[in-house]
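A.B. asks: Numbering (our numbering), first residue to last: 317 to 557.
Dropping the structure in here first, questions after.
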């Protein structure tokens, strides 16, 4: 069994370890996802202390183990979008010492197969002068390194998550490109997960999901975002499909 180690997930107390699980010949392998919490690195002693294993699940598909687990926070509670069955999206609650399947879709032969989740996270700041106004830095508008630098800045106060997210994937047989769907997370504490085709049949270009979303004009009361899409154009007839 090959063990792959994942770096701590930025802005969270969690880390994933992914293992490939061999199944019988002629069938897909599965993916074992192990969730650790509260890793610690002692800079002075140069000692790395592994966090506690709070839970594991088996994904019945050989790929996208990392991409189909995405933690987010509502208030003081941690949750995560995840896909144990490759035809369904669900939410788990992440406790200090355990995980709990919380709510979400049931598996379906014609279900939408997620390959990646993304929940925008942002830093709330101010302009530092008069008149004061709030500034919102959303992670999709920065590189991982740039956003991490903002978090470790001495003036950093709090990382917050939007009450919505995105997923990409496809229904079975439509896997020539990934399609975008919208996730409403506002009722997760009440065990309600809503996933819709808010943008219609929206094909995405290749690349990580967050790269196709821009939110530099977004604020909690100004819900404008910019999305990238892929279109197919016939150069002779200008027909689009």
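Using N, Cα and C, we set each Cβ at its ideal position, and we do this for glycine too.
#1: From the DSSP output, in three-state form, read off residue 406 for me.
#2: Spatial neighbours of residue 511 within its chain, please: CB distance less than 8 Å, with the 5 preceding and 5 following residues excluded, ordered by chain position.
#3: Can you give the beta carbon distance from residue 412 to residue 374, rounded, assuming they're within the 8 Å contact cut?
#4: Assuming residue 495 and residue 485 make a contact with CB atoms under 8 Å, what is their CB distance in whole Å?
#5: Does residue 523 pass the burial test, meaning 16 or more other C-beta atoms within 10 Å, or should it be called exposed?
#6: Residues in its own chain within less than 6 Å of residue 424 by CB, not counting five upstream and five downstream?
#7: For the alpha helix (DSSP H) that contains residue 467, what are its first and last residues?
#8: Check whether the stretch 462 to 476 touches the stretch 514 to 523, taking contact to mean three or more Cβ pairs, one atom from each stretch, closer than 8 Å.
#9: On the DSSP letters alone, give me the boundaries of the beta strand (DSSP E) that residue 419 sits inside.
#10: Output the boundary residues of the beta strand (DSSP E) element that contains residue 493.
#11: Counting C-beta neighbours from all protein chains within 10 Å, is the total for residue 341 16 or more, i.e. buried, or is it exposed?
#12: In whole angstroms, what separates the C-alpha of residue 430 from that of residue 330?
#13: Of all the beta strand (DSSP E) runs that stay within the bounds of the stretch 344 to 397, which reach a length of 3 or more residues?
#14: What is the DSSP secondary structure of residue 579, reduced to helix, strand or coil?
#15: Consult DSSP for residue 526 and reduce its assignment to one of helix, strand or coil.
#16: For residue 551, count neighbouring Cβ atoms within 10 angstroms of its own Cβ and tell me buried if that reaches 16, exposed if not.
#17: From residue 556 to residue 546, what does the alpha carbon distance come to, in whole angstroms?
C.D. replies: Checking against the coordinates, here is how it stands:
#1: Within the chain shown, numbered from 1, the residue matching residue 406 stands at position 90. If DSSP states are grouped into helix, strand and coil, residue 406 belongs with the strands.
#2: On the chain shown, residue 511 is found 195 positions in, with the first residue counted as 1. Closer than 8 Å at Cβ, skipping near neighbours: 405, 421, 428, 483, 497, 498, 499, 500.
#3: What you label residue 412 is simply residue 96 of the chain shown in a count that begins at 1. What you label residue 374 is simply residue 58 of the chain shown in a count that begins at 1. Rounded, the Cβ-Cβ distance is 23 Å, inconsistent with contact.
#4: Here residue 495 corresponds to residue number 179 of the chain shown, with the count starting at 1. Here residue 485 corresponds to residue number 169 of the chain shown, with the count starting at 1. Rounded, the Cβ-Cβ distance is 7 Å, consistent with contact.
#5: Along the chain shown, one-based indexing puts residue 523 at 207. Classification for residue 523: exposed.
#6: As a first step, residue 424 must be located in the chain shown, where it is residue number 108. Excluding sequence neighbours, residue 424 sits near 403.
#7: Here residue 467 refers to the residue found at position 151 of the chain shown. 460 to 467 is the span of the alpha helix (DSSP H), which, as asked, contains residue 467.
#8: no
#9: Within the chain shown, the letter at position 103 stands for residue 419. Here the beta strand (DSSP E) through residue 419 covers 415 to 420.
#10: Position 177 of the chain shown, counting from 1, holds the residue named residue 493. No beta strand (DSSP E) contains residue 493, which DSSP labels as neither H nor E.
#11: Numbered from its first residue, the chain shown carries residue 341 at position 25. So residue 341 ends up on the exposed side.
#12: Counting from 1 along the chain shown, the entry for residue 430 is found at position 114. Counting from 1 along the chain shown, the entry for residue 330 is found at position 14. If I take the Cα positions, the gap works out to 21 Å.
#13: 346 to 353, 356 to 358, 363 to 365, 368 to 375, 385 to 390
#14: For the chain, the structure presents residues 317 to 557; residue 579 sits outside this window and is missing.
#15: To locate residue 526, count along the chain shown from 1; it is residue 210. Residue state, collapsed to three classes: helix.
#16: The residue you call residue 551 lines up with position 235 of the chain shown. Exposed, since its Cβ has fewer than 16 Cβ neighbours within 10 Å.
#17: Counting from one through the chain shown, the residue named residue 556 turns up at place 240. Counting from one through the chain shown, the residue named residue 546 turns up at place 230. About 11 Å.
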